[in-house]
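J.: My questions will all concern the structure given below.
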Amino acid sequence: MQTEWWKDAVVYQIYPRSFQDSNGDGIGDLRGIIQRLDYIRSLGATVIWLCPIYASPLIDNGYDISDYYAIHPELGTMEDFDCLLRQAHQRGLRVIMDLVVNHTSDQHRWFQEGTSGQNPAYRDYYIWETEKPNRWGSWFGGSAGGYNTQVGAHYLHIFAKKQPDLNWQNPALRDEIYRMMSWWLNKGIDGFRMDVISLISKPDPIPRDTGSDLSPYCINGPQVHTYLKEMRQKVLAKYDIMTVGECPGITVQEAQKYAGTDSGELNMVFQFEHTSLTDGKYGKWSADRTDLVKLKEVLNRWQNGLRETSWNCLFWGNHDQPRAVSKFGCDLPEYRVLSAKMLCACLYLMQGTPYIYQGEEIGMPNPHFTSLEQYRDIESICAYHDFVDSGVVEKRMMLTLLAHTSRDNARTPMQWNSRFCAGFSSAPPWISLGYSWRAVNVEQEEKDENSVLHFYRDILAFRKGNPLIRYGTFELLCADDPHIFAYVRTYQGKRLLVICCFASEFTRFDAPEGITLDDWTLELSNYDGCFVIGNGFTARPYKLRVYSLG
Ligand code: GLC
Ligand code: CA
-4 MQTEWWKDAV
6 VYQIYPRSFQ
16 DSNGDGIGDL
26 RGIIQRLDYI
36 RSLGATVIWL
46 CPIYASPLID
56 NGYDISDYYA
66 IHPELGTMED
76 FDCLLRQAHQ
86 RGLRVIMDLV
96 VNHTSDQHRW
106 FQEGTSGQNP
116 AYRDYYIWET
126 EKPNRWGSWF
136 GGSAGGYNTQ
146 VGAHYLHIFA
156 KKQPDLNWQN
166 PALRDEIYRM
176 MSWWLNKGID
186 GFRMDVISLI
196 SKPDPIPRDT
206 GSDLSPYCIN
216 GPQVHTYLKE
226 MRQKVLAKYD
236 IMTVGECPGI
246 TVQEAQKYAG
256 TDSGELNMVF
266 QFEHTSLTDG
276 KYGKWSADRT
286 DLVKLKEVLN
296 RWQNGLRETS
306 WNCLFWGNHD
316 QPRAVSKFGC
326 DLPEYRVLSA
336 KMLCACLYLM
346 QGTPYIYQGE
356 EIGMPNPHFT
366 SLEQYRDIES
376 ICAYHDFVDS
386 GVVEKRMMLT
396 LLAHTSRDNA
406 RTPMQWNSRF
416 CAGFSSAPPW
426 ISLGYSWRAV
436 NVEQEEKDEN
446 SVLHFYRDIL
456 AFRKGNPLIR
466 YGTFELLCAD
476 DPHIFAYVRT
486 YQGKRLLVIC
496 CFASEFTRFD
506 APEGITLDDW
516 TLELSNYDGC
526 FVIGNGFTAR
536 PYKLRVYSLG
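One point on numbering: in the working numbering, the residue at position 509 of the sequence shown is 504, and numbering is uninterrupted.
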C-alpha cells in the first residue's frame, strides 16, 4: 500500500565522503553518519538521502558503480549500513538511497565480462555502435563514444568514459535492475533518488550526423515512461516508499508525466530551471548572478504548474551545485547569515518537499578554491582542460569561474566545530576544507540563537503539520520587481505573506492592493524592527518578513 507520507517529509541530503569521518582516514563514512543522526533529527528532518555508497572506482565519486550489492570499503561494511538503517529508523528517520542506473562503472562485472567475451550476454547490457560512432559530446567533455578494443566497437557514455550507459532496451538488464532495487527495499530502505532517470532511454539506432548535442535525443527518450511504469508495477508499487527522479532539462508538462498524481511512475522530480538561470557565455560555468525576475517566473510556474497534478521538490542546492548562500544570496560576512535565512524561508514556505543539502543549514559558503590542485571533481577538471588547453578561457579566469560554479563547492567537509579539521576528521581530509570553517560551524551556531541553524529549525517547525504549507495556493506578487520576491499562500481563509529581499541594497516594498499590512501579524523575520510607513516598508539588504492573516 502506498501512502503520501513524502508530502510531509523533510529530506536531508548527505554526501557521505564529506559528512563525518569516524576512523581517522580523512574520508567520511557510515559510522560517522550514525554519530550524527541525532543532529539530523534535531533539525526537523525526517528523511536522509544518501549519495552513492556502493562499491566504485570513484571516477565520479561513487556515481560510477561497480557492484550494486556492496558498500564501498572506505565508507564501511554492509553491517555498518544495516546498523545505520536500524539506528535511523529508531529515531523516526527514513533512509533513501541513490539509484544510479543510467550507467555503471566500466569495472562492473557486466561490462568486464561482456567485453572480455567471458559472458557475451552482458555485452548487450550496454549500447554499442559497430560503425563509426556518432558525433555526440559527453557531458564531461570529449566524445560520448568510447572505443573498446576487445569488442572492436564504440559504446555510448553520456558521462565519463569509464561510465558506460546501460541498455534499457534489454529486458534482461531491466530485470537485473528491478531485482537489485527489490533487494534494497527488502532490507527496509524507504525509497530512491534516481540519478539522471530522464536519460535512461536512448533512440535506437543512435542517429548519425546529428551534431554534438545528445540532449534532444536522450532526455525524455522514446521509452522512458514505458520503463518507469514497468518499474513501478514490478517493484515500487509493492512498497510504501518515496521516489524522486533527477530530471535535467525537464518542463512542467514532462514532470507531470514522470510524477503526475496518476501517472504511475515516480512521486516527484528534481527540475533544474531555477538553478540554471546563471548559464551564459561559458555555458554552465558562467558565474553570472541569477536574475530575480526570471527566478520568480520559473518558481511561480512550477508552483502553479504542478498544483494538484504533481508535487514539487524544494531545493536551492545539492552535491552538483555551488553553495546556495553564495549563489542566490551573499556570502560576505555582513550578509551571509541574513541572506541564508531569507533563502530558507523563501523556498521552504512554498508547496513541496524541502531538501536540505548538508551544511546549508549553517549557511556554509563556497570554499573559494584558488588553484586547480584543490579540485577533485572530474567534471570541473575536465572543463578546466577543455577551456584552458584550447585557449578559449585564460587560466585565472577559469579558476574564477570554477570558484563560483564547480560541484566541489558543495563537496568540502562538513564544518562541525572550530577545532582540528573542523571536527570532520582527525586526519587531513580527502578534499580541502572551505576557508570559512573557523567562523561557520555547527558548534558555533548551536550556541548562537540568531544563527542560520536555529532559523532552519524554526522554519521547519513552522511548516510542520501546517495545512496551509501543504495545501495552500501560491500567488506571486510584484512579479516585475527586480529586488523583492513576495508571494501569498492561502488555505481555508488563512493567508501567509512572504516578503524576501534579494538585494544587497535598500529597496522599498509596497504591498499591492488587497493587502493592508497593518492587519497582518508578523510571524518571522531576520532583522529586529522595521518601519512600516504607508502600506509598505524600506527593506534592508536580504530582509525577510513573513506575515499571517486569519
Ligand atoms: C547526476 C549526479 C552527478 C553525477 C551524474 C552522473 O547528475 O547527481 O553527481 O555526476 O549524475 O552519474
Ligand atoms: Ca573514514
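For each residue, glycine too, the CB sits at the ideal point set by N, CA and C.
Starting from residue 151 and walking both ways along the beta strand (DSSP E), at which residues does that stretch end?
T.: For residue 151, the enclosing beta strand (DSSP E) begins and ends at 148 to 151.
J.: With a 10 Å radius around its C-beta and 16 neighbouring C-beta atoms as the bar for buried, classify residue 374 as buried or exposed.
T.: The residue is buried, with at least 16 neighbouring Cβ atoms inside 10 Å.
J.: With DSSP as the reference, please indicate the residues paired to residue 345 in a beta bridge.
T.: By DSSP's assignment, residue 345 forms no beta bridge with any residue.
J.: According to DSSP, which residues form a beta bridge with residue 80?
T.: BP columns for residue 80 are empty, so no partner.
J.: Ignore the nearest five residues each way along the sequence and tell me which others in residue 161's own chain have a CB closer than 7 Å to its CB.
T.: 96, 97, 98, 99, 120, 121, 168
J.: According to DSSP, what are the bridge partners of residue 138?
T.: Beta-bridge pairing by DSSP links residue 138 to 132.
J.: Grab me the residues of residue 260's own chain with a C-beta within less than 7 Å of its C-beta, minus the 5 sequence neighbours each way, in chain order.
T.: 220, 223, 224, 227, 253, 254
J.: According to DSSP, simplified to helix, strand and coil, what is residue 403?
T.: DSSP places residue 403 within a helical segment (H, G or I) once states are collapsed to three.
J.: Could you check where the alpha helix (DSSP H) with residue 290 kicks off and where it finishes?
T.: 287 to 300
J.: What's the C-alpha gap between residue 177 and residue 75?
T.: Using only the alpha carbons, I get a separation of about 20 Å.
J.: Tell me whether residue 520 sits in a helix, a strand or coil according to DSSP, three-state version.
T.: Strand.
J.: Can you tell me which residues form a DSSP beta bridge with residue 92?
T.: 45, 187
J.: Mark residue 81 as exposed unless 16 or more other C-beta atoms lie within 10 angstroms of its C-beta, in which case mark it buried.
T.: exposed
J.: Does residue 24 come out as helix, strand or coil in the three-state DSSP assignment?
T.: coil
J.: Assuming residue 401 and residue 372 make a contact with CB atoms under 8 Å, what is their CB distance in whole Å?
T.: The C-beta separation of residue 401 from residue 372 comes to about 6 Å, placing the pair in contact by the 8 Å criterion.
J.: From residue 61 to residue 182, what distance separates their C-alpha atoms?
T.: 20 Å
J.: Shorter than 6 Å, the distance from the beta carbon of residue 20 to the closest heavy atom of ligand 4, or not?
T.: The model on display carries ligand 1 and ligand 2 but not ligand 4.
J.: Can you tell me the Cβ-Cβ gap for residue 500 and residue 536, rounded? I've got them flagged as a contact below 8 Å.
T.: 6 Å
J.: Under the three-state reduction of DSSP, which class applies to residue 469: helix, strand or coil?
T.: strand
J.: Cutting at 6 Å between CB atoms, please list the residues of its own chain near residue 234, excluding the five before and the five after it.
T.: 180
J.: Between residue 75 and ligand 2, is there a pair consisting of the residue's CB and a ligand heavy atom that are separated by less than 6 Å?
T.: no
J.: Examine ligand 1 and report whether any of its heavy atoms sits within less than 6 Å of the Cβ of residue 381.
T.: no
J.: Is any non-hydrogen atom of ligand 1 found closer than 6 Å to the C-beta of residue 154, if you look at the structure I gave you?
T.: yes
J.: In whole angstroms, what separates the C-alpha of residue 546 from that of residue 141?
T.: Nothing can be reported for residue 546, as the shown portion of the chain is limited to -4 through 545.
J.: Which stretch, first to last residue, makes up the beta strand (DSSP E) that contains residue 263?
T.: 263 to 265
J.: Under 7 Å between the Cβ atoms of residue 265 and residue 292?
T.: no
J.: Could you work out which residue in 199, 155, 195, 63 is closest to residue 556 when comparing CA atoms only?
T.: Only positions -4 to 545 of the chain appear in this structure, which leaves residue 556 out of reach.
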